[in-house]
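One structure is given here, and the rest of the page talks about it.
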Amino acid sequence: MSYMRRVVITGMGALSALGATTHDLWNGLLANRSGVRRVQRLVDSGINVTTGGEVDAVSPQDLDRDHVIANRAIDEALAESKRDAAECGFIWSTGLDTFQMGTGGFVHRSAGRCFSNLASRFTGPRRMIAAACASGTQAIGEAFRLIQNGHADACVAGGSSVMLTPFYLIGFAGLQAVAIDNGDEPSMACRPFDKRRKGFALADGAGAVVLETHESALERGAPVFAEVIGFGVSQDAFDLNRPCDDGAGAELCMRRALADAAVSSEEIDAVNAHATATYSGDLAEAAALRKVFAERWQSLPVSGSKGAIGHAMAAAGVLEAIVAAQTCATGIVPPTVNLHHVDEGCELDHVIGDPRDVNAKTVLSVSFGMGGQNAGLILRRVSHGLHG
Amino acid sequence: MVYLVAATQESDLARVREEKPELWRQVRRYNQPIQLALAAADEVMKFAQDASTAAVISLAPCQPGSADLYRWGSVVTTGMASGSLGNMRMNPTQTLHAVDNLAMSAFAIAHQNHAYCLGLGGAAGQAWCGLEAVVERLDAGFEEEALLMAGDQDAAEDGAAGLGVALLFSVHARPTSARLVSIVRNRQISDVKPHAANGLAGMWSSIAQCSRGPMSHVVPAEQTDGFSGVTVNLEVS
Chain A
2 MSYMRRVVIT GMGALSALGA TTHDLWNGLL ANRSGVRRVQ RLVDSGINVT TGGEVDAVSP
62 QDLDRDHVIA NRAIDEALAE SKRDAAECGF IWSTGLDTFQ MGTGGFVHRS AGRCFSNLAS
122 RFTGPRRMIA AACASGTQAI GEAFRLIQNG HADACVAGGS SVMLTPFYLI GFAGLQAVAI
182 DNGDEPSMAC RPFDKRRKGF ALADGAGAVV LETHESALER GAPVFAEVIG FGVSQDAFDL
242 NRPCDDGAGA ELCMRRALAD AAVSSEEIDA VNAHATATYS GDLAEAAALR KVFAERWQSL
302 PVSGSKGAIG HAMAAAGVLE AIVAAQTCAT GIVPPTVNLH HVDEGCELDH VIGDPRDVNA
362 KTVLSVSFGM GGQNAGLILR RVSHGLHG
Chain B
748 MVYLVAATQE SDLARVREEK PELWRQVRRY NQPIQLALAA ADEVMKFAQD ASTAAVISLA
808 PCQPGSADLY RWGSVVTTGM ASGSLGNMRM NPTQTLHAVD NLAMSAFAIA HQNHAYCLGL
868 GGAAGQAWCG LEAVVERLDA GFEEEALLMA GDQDAAEDGA AGLGVALLFS VHARPTSARL
928 VSIVRNRQIS DVKPHAANGL AGMWSSIAQC SRGPMSHVVP AEQTDGFSGV TVNLEVS
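In order, the protein sequences belong to chains A and B.
Residue 389 is where the first sequence ends in our numbering, and the numbering goes up by one at each step.
Residue 984 is where the second sequence ends in our numbering, and the numbering goes up by one at each step.
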């Protein structure tokens, strides 16, 4: 392989339960605040899952919500990077088809058509990623690889999901993956790694990053938030609904990302965990992290974002990568919101309560999809930093 | 060098059920496009050197779901409007029918494949992205073999006819194989008929009809992504 170009993040956009910008996301996490709350239209429907991470910036009545949410994140990222969509490839996940109620009755929204509409303003490559909860992370990784190997010069990568519909809430409740109502404070529905965890809170959201070569970022004087230095994927090949108990699939993707980045586990300063707050998922992830980081797991800061924003599925990985990039840029690891009593088997150096300034420069961000697709990214601070 | 070394299509699930009971036991819970993709993949991987280490690139259906899922979606969505959902439960099997990466996961479990995997979503023309990804992975030396599989149906709501396709690629030529020379794109706006499997089946049909030597498969405009024309250049041996 003759091409091995350096790839950096020069723009980021986020819509989440914490707000309509990356600034809102980051500041909400640093404040240890949860955006998950009771959603009135779900209460009105009578189902037993009424909490979620809703994006206020776009009306839930808007049948184009899937497009609008995605485009807002994309536009924020492009504006920050000072790039035009027509210069970029588009590696994106629009998640799953959705079923909504329109004025004329039942409306089926195709994720594929949503992708094609979003992709129309980009030049190739245009790839729609489908890796369940790992989609956003894999989208960034695939864009990284395309640029690194000279198949594209710049890409917008990320994902968007509209999941706060009864269809998915009931469906995931049937899989015992979402936290059903039990009288708790709604903002505490999702408690990653905590003894009282009972599943995630579904969420809407979108996250986008602009990736380009380090060389072009320097030439353009673009802001550089972090460099992507490694990417790894794996399959559990174990079960459709739950991870391997020992986290073997997750461990494999982490090790592949480290090998791809040519860094040792000692060089990782912090981890942005998948941290779904499902019983088996958190145990498997913690087990994998303890194996990969061997002697260091008791002193390696680990943080997860889903306690604050819920699980935005196709957008989750990119929202978390944005948090990881902010950690690279600032050195600060935000806390895992709603983690108070670490469960047996989930022991790690969790960041609890207050953010921790550890001058983190190299961060691992991981996502694990339903069905067993795992993806990991390694991001690193670029020496000339946030302001070019 | 990247060679297409084997290809299969499947459209008859009754035959799969009758002739391959073990495979049917594995796939019976899934929706039609996934069953067809997995049946095709099961057949083509008989030609693989090692099914557990091949890269797996899987196309989600453009018409996902199943008739059961659509009926259920309608019941839930209508029930929400009337506030009558109560403690409704969803059959977990139907939840599976909504999952876009199901074929990839099921394949991995069946073949104990922990290798690189790429699920591409159900948008028009993603088959050619999948083909490009195969070339990128094998040319870069990441893997020696790659599976590209797809399953789709004419419509999900009524269980209309479906098609599964699986193509096996290798860095090693076989006595009968087709070398992938290049995949060329040009700007071309067109109307599309999104279907994950039809395009790959069409390409395979072109190759099968070709005598030895160079050939070009010009992808019909309706099988592209609507933004770019695609020509696949091959050398058939």
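The beta carbon of each residue, even a glycine, is placed where N, CA and C say it ideally should be.
What is the residue span of the alpha helix (DSSP H) that residue i lies within?
i         : result
Tyr750(B) : Careful: Tyr750(B) lies outside any alpha helix (DSSP H), inside the beta strand (DSSP E) at 750–757.
Arg381(A) : Per DSSP, Arg381(A) belongs to no alpha helix (DSSP H); it is in the beta strand (DSSP E), 374–381.
Leu320(A) : 317–331
Pro768(B) : 768–774
Tyr280(A) : 280–293
Leu435(A) : Past the edges of chain A, shown from 2 to 389, lies residue 435(A), and the structure says nothing about it.
Leu203(A) : From DSSP, Leu203(A) is part of no alpha helix (DSSP H); its letter is neither H nor E.
Leu947(B) : 945–955
Following the continuous beta strand (DSSP E) through residue i, name the residue where it begins and the one where it ends.
i         : result
Glu982(B) : 975–983
Ala271(A) : 271–274
Leu867(B) : 864–867
Val108(A) : 106–110
Thr824(B) : Premise fails: Thr824(B) lies in the alpha helix (DSSP H), 814–829, not in any beta strand (DSSP E).
Ala913(B) : 909–917
Ile804(B) : 802–806
Pro302(A) : 302–305
By Cβ distance, which residues of its chain are closer than 6 Å to residue i, with the 5 residues on each side in sequence left out?
i         : result
Glu220(A) : none
Ser136(A) : Ser94, Ile130, Gly160, Ala315
Lys196(A) : His342, Asp344
Asp815(B) : Gln841
Glu213(A) : Thr11, Ala155
Phe91(A)  : Ala120, Phe123, Arg127, Val157
Gly872(B) : Thr971, Asp972
Going by DSSP in three states, residue i sits in which element: helix, strand or coil?
i         : result
Trp93(A)  : strand
His351(A) : strand
Phe123(A) : coil
Leu31(A)  : helix
Met5(A)   : coil
Phe226(A) : coil
Asn933(B) : strand
Leu885(B) : helix
Val846(B) : coil
Met896(B) : strand
Arg404(A) : Examination of residue 404(A) is not possible in this model, given that chain A is present from 2 through 389 alone.
Ser117(A) : helix
Gly233(A) : strand
Arg926(B) : strand
Met962(B) : strand
Val211(A) : strand
Phe369(A) : strand
Gln782(B) : helix
Met837(B) : coil
Asp261(A) : helix
Leu16(A)  : strand
Met314(A) : helix
Gly137(A) : helix
Arg146(A) : helix
Near residue i, which residues of its chain fall below 8 Å by C-beta distance, leaving aside the five closest residues on each side in sequence?
i         : result
Gly386(A) : Below a pLDDT of 50, predicted positions are generally treated as unreliable, and Gly386(A), at 45, falls in that range; the measurement from the model is reported next regardless. Excluding residues within five positions, the ones whose Cβ falls inside 8 Å are Val225, Ala330.
Ala994(B) : As shown, chain B starts at 748 and ends at 984. That puts residue 994(B) outside it, with no answer to give.
Ser281(A) : Arg243, Pro244, Asp246
Ala787(B) : Thr755, Gln756, Glu757, Met896, Gly898, Gly911, Val912, Ala913
Which word fits residue i, buried or exposed, when buried means at least 16 other C-beta atoms lie within 10 angstroms of its C-beta?
i          : result
Val383(A)  : buried
Met851(B)  : buried
Ser984(B)  : exposed
His312(A)  : buried
Glu228(A)  : buried
Glu1006(B) : Examination of residue 1006(B) is not possible in this model, given that chain B is present from 748 through 984 alone.
Ile379(A)  : buried
Ser917(B)  : buried
Met13(A)   : buried
Met896(B)  : buried
Ile739(B)  : For chain B, the structure presents residues 748 to 984; residue 739(B) sits outside this window and is missing.
Gly389(A)  : Low confidence applies here, because Gly389(A) scores a pLDDT of 37, under 50, leaving its location unreliable; read the following figure in that light. Counting Cβ neighbours within 10 Å, Gly389(A) comes out exposed, since fewer than 16 surround it.
Lys307(A)  : buried
Val234(A)  : buried
His275(A)  : buried
Asn360(A)  : exposed
Excluding five sequence neighbours on each side, which residues of the same chain lie with their C-beta closer than 7 Å to the C-beta of residue i?
i         : result
Glu252(A) : Ala289, Lys292, Val293
Leu849(B) : Tyr777, Ile781, Leu843
At 4 residues or longer, and completely inside the segment 150–183 of chain A: list those alpha helix (DSSP H) runs for me, N to C. 167–175
Completely contained alpha helix (DSSP H) runs for the segment 32–92 of chain A, where each covers 4 or more residues: 41–46, 66–82
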